[in-house]
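Heads up: the protein sequence lines correspond to chains A and B, in order.
Those letters in the first sequence? Residues 1 to 391, by the numbering used here.
Those letters in the second sequence? Residues 392 to 634, by the numbering used here.
In what follows, a structure is listed as structure tokens, so that the remarks can point back to it.
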Amino acid sequence: MSWLRSFRVVFAKELVEGVRDRRALVAALFFPFLGPALLALMLFLVSQSSRRADEVGVDLPVAGRDHAPNLVAFLEQGARVVPAPADPEGAVRRGEVDVVVVVPPDFGEALRAGRPAPVKLVTDESRPQSRPAAAAAEHLLAAWARQTAAQRLVVRGVHPAVVEPLAVERVDVSTPASRAASLLATIPFFLVMAVFTGGMPVAIDATAGERERQSLEPLFAAPLPRSSLVLAKMAGASVFSSLALLETAVGFTLVPLALPARLGFSVHLDLAVLGRILGLSLPMVLLASALMVTLAARARNFRAAQTTLSLLMLVPALPGMAIGLLSARPPPSLYAVPFLGEQLVITHLLRAEAVGPAQAGLSAAATLAAAALVAAAAVRTFERGQPLFEA
Amino acid sequence: MIELHDVAKAFGEVVALRGVTFSVPDGQITGLLGPNGAGKTTALRVVYGVLRPDRGRVLVNGIDLGSDRLSAQRRLGVLPHAQGLYTRLTAREHILYFGAMHGMGGSGLERRADELVRLLGMQDFADRRTEGFSQGQKVKVALARALVHDPENVVLDEPTNGLDVAATRQVRALLRELKGAGRCILFSSHVMQEVSALCDRVVVIARGQVVAEGTPDDLRQKTGRESLEDAFVAAIGSEEGLS
């Protein structure tokens, strides 16, 4: 019987078992949707928050507005002044309102006497979502103070510019599109996660699981080249890993379609990019499957294998995410690091940046070489019969 | 025909086999008898090629297992100590899987599977997944997959372990049938009645060495004891690990 035939026989059995395993199916078919779903949710929230600030304007509750009619009139130019709740501090603490301006009764008297007029700005710094409203209120109050000071100086014959040595103009170039783009940095991370989680149950079941159920011994007693046995198990894991990867990538491609068009940004993720991402990820699938089968075969038992592989998954996923958030060009040597190189190249594709064939080729070659090395090491241990008796 | 020549195997400090030599002829049932921990399972694992001996060699029909494992294993049907099954495959799928591993396929394999299902009385559960099978059902599935390629040599590690009387009798009948067909059968046991009921030849192993060999009658004569059990105790020099 040929090598290829034994490979096919074992591979077919791994697929049948995998398809009948609920855990393997959930990992390959259900989990991959989490990444795109999470991204869609976050993009939706970004679009909602930006709409509130841009279109609806800021609601500014003011308590004691009768004490400062001029100030209130000024505030109304920049925000919608609304009546304040009865208990301003309590309301802010409970998150009912983002900010409250409290004008005390002695405001007018202090103002007329030329003393600093007291105004209380109630905010909750621990709630990030209240920060834009608080900043807007603070900005309006400061503008009014500057205007009033200028008027006083003019009355006294001093040009207001004398006390304004600096004219700082702040230009915030962030747009909903750019904020959304930073979220795209998570896509390569989720792709790597999918590569691992998709194949993990099959990889464990085919090695540590078989040993725990004691079905590995009859398999070792069968006339199969051990290399065909190992590689068939890796191939089985690869199929489920690829399924998860495909689903995650397609999910991310669908995300922009599911969101309102007025979000105003375009993800560079169409069918052509999808195809390139899948092609780039294939070496990752092979390396991840080789790693998982090798480590799971050496694990003491099923549970130990699960623990080891869950940790293994984080190692390649996390640094890629960190790099993805950076905007600087990474040094070329990083492209040769398996998993990291792929994540960098995919990030470039998503940002519509140019990717040279050298970068893509280097990362694919490095990952394939690593996969071959790991597989060869696994074949050697299987040929010594180790996975069978190491437990 | 299975031959062991001076087979030795140690696991770290623990020496399991200290140079074991014996042969298993065709058309006979040979029992490997010994107390627990004597090295029976290790010896069988070396015979069916999942353990590499530190020294010595194993010949299956004259084929050296150390240099041509695949050819030797093709001529072996193996029932290991633990009958590990795939819980998500049916009994019949087990037979087909192992048949395919032995290069069988198509309608020939289907027919052979049907034949084994009938032979072992598996009709009621042949197409059920093996999850929750009784010990007897598991042994039958394991036997069926071991015999799917109609091997010339059959190696069984304590095949009747955990079986009830009816299933034990079925297994014994099957072994006699294989013997009738001229097969070479090697099985291990630490149960005296089993050995005396079945075996044409006995190889007694203790502390990793062959301490006696021959027909049950030979054994009784050599040790000068009436019953095989007494002969066995005399051969191994203690009653430890017997049942």
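No residue lacks a Cβ here, since even glycine has one placed at the ideal position from N, Cα and C.
Task: Burial state of G35/A (16 or more Cβ within 10 Å) - done: With 16 or more other CB atoms across the displayed protein chains lying within 10 angstroms of its CB, G35/A is buried.
- [ ] Put Q514/B into one of helix, strand or coil per three-state DSSP.
- [x] Q514/B falls in the coil class under three-state DSSP.
Task: Member of R616/B, D591/B and A622/B whose CA lies at the smallest distance from the CA of Q419/B - done: D591/B
Open item on the list: Residues of chain B with CB closer than 7 Å to the CB of L15/A, please, in chain order.
Closed with: Result: empty, since nearest Cβ-Cβ is about 11 Å, beyond 7 Å.
Task: Alpha-carbon to alpha-carbon, L334/A and R213/A - done: 42 Å
Open item on the list: Suppose contacts are defined by Cβ-Cβ distances below 8 Å. Is M394/A in contact with F339/A by that definition?
Closed with: Given that chain A is displayed from residue 1 to residue 391, the structure contains no residue 394/A and the question cannot be resolved.
- [ ] To the nearest angstrom, report how far apart A375/A and A290/A are at their CA atoms.
- [x] 6 Å
Task: Of the listed residues E568/B, T478/B, H472/B and A535/B, nearest to E355/B (C-alpha basis) - done: The first residue shown for chain B is 392 and the last is 634, placing residue 355/B beyond what the model contains.
Open item on the list: Just list the residues that DSSP pairs T421/B with in beta bridges.
Closed with: L577/B and R592/B
Open item on the list: Among A564/B, V441/B and F623/B, whose alpha-carbon lies nearest the alpha-carbon of D608/B?
Closed with: F623/B
Task: Residue burial classification, L395/B (beta-carbon count within 10 angstroms, cutoff 16) - done: buried
Open item on the list: Which of the three DSSP states is assigned to D59/A in this structure?
Closed with: strand
TODO: Determine the chain B residues that contact V9/A at a beta-carbon separation under 8 Å, and present them in chain order.
DONE: In chain order: Y488, A491 and M492.
Task: Cutoff 8 Å: G385/A Cβ touching any chain B Cβ - done: yes
- [ ] Determine the closest residue to S130/A out of G95/A, V163/A and P118/A, with distance taken between C-alpha atoms.
- [x] Cα-wise, what sits closest to S130/A is G95/A.
Task: N-terminal and C-terminal residue of the beta strand (DSSP E) that D399/B is part of - done: Note that residue 399/B is Ala in the sequence shown here, rather than Asp. Unbroken beta strand (DSSP E) run through A399/B: I393 to F402.
TODO: Verify the CB distance criterion: does R213/A have a CB-CB separation below 8 Å to chain B?
DONE: yes
Task: Neighbourhood of G553/B by C-beta distance below 7 Å, restricted to the same chain and skipping five residues each side - done: Q526
- [ ] Compare the C-beta of L43/A against all C-beta atoms of chain B and say whether one is closer than 8 Å.
- [x] no
Task: Best match in D417/B, G425/B, D541/B and F402/B for proximity to L619/B [C-alpha to C-alpha] - done: G425/B
TODO: Just tell me which of G108/A, F220/A and G18/A has its CA closest to the CA of E383/A.
DONE: F220/A
Open item on the list: Can you find the residues in the same chain that come closer than 6 Å, C-beta to C-beta, to L140/A, ignoring five residues on each side of it along the sequence?
Closed with: L75 and G78
Task: Beta-ladder partner(s) of G605/B, from DSSP - done: V593/B
TODO: Identify the contact partners of S281/A in chain B, using a Cβ-Cβ distance below 8 Å as the criterion.
DONE: Result: empty, since nearest Cβ-Cβ is about 28 Å, beyond 8 Å.
TODO: Return the Cβ separation of S228/A and V10/A in integer angstroms, given the expectation that the two are a contact with Cβ distance under 8 Å.
DONE: Contact holds; Cβ gap of about 7 Å.
Task: Residue of V195/A, A86/A, T123/A and A372/A minimising C-alpha distance to P316/A - done: Considering only alpha carbons, the answer is V195/A.
Open item on the list: Using DSSP's beta-bridge definition, name the partner residues of R409/B.
Closed with: A399/B
- [ ] Reducing DSSP to helix, strand and coil, say where Q214/A ends up.
- [x] DSSP places Q214/A outside both helix and strand once states are collapsed to three, so it counts as coil.
Task: Continuous alpha helix (DSSP H) assignments of at least 4 residues falling wholly in the stretch 252 to 307 of chain A - done: 271 to 298
TODO: Anything in chain A within Cβ reach of G473/B, meaning under 8 Å, just list it in chain order.
DONE: Reading off the sequence, residue 473/B comes out as Ala, not Gly. Those within 8 Å of A473/B in chain A are Q214 and E217.
- [ ] Could you work out which residues of chain B lie near D124/A, taking near to mean beta carbons separated by less than 8 Å?
- [x] None at all; the shortest Cβ gap to chain B is about 55 Å.
Open item on the list: What ranges does the beta strand (DSSP E) occupy inside the stretch 119 to 188 of chain A, keeping only unbroken runs of at least 3 residues that lie completely in it?
Closed with: 120 to 123
Open item on the list: With a threshold of 8 Å between beta carbons, is E55/A in contact with chain B?
Closed with: Because E55/A carries a pLDDT of 49, less than 50, the predicted location of this residue cannot be relied on, and no value is offered for it.
- [ ] Could you check which residue in L318/A, A360/A and L312/A has the C-alpha nearest to that of Q332/A?
- [x] Note on identity: in this sequence residue 332/A is Pro, with Gln being the wrong assignment. The candidate whose alpha carbon is nearest that of P332/A is A360/A.
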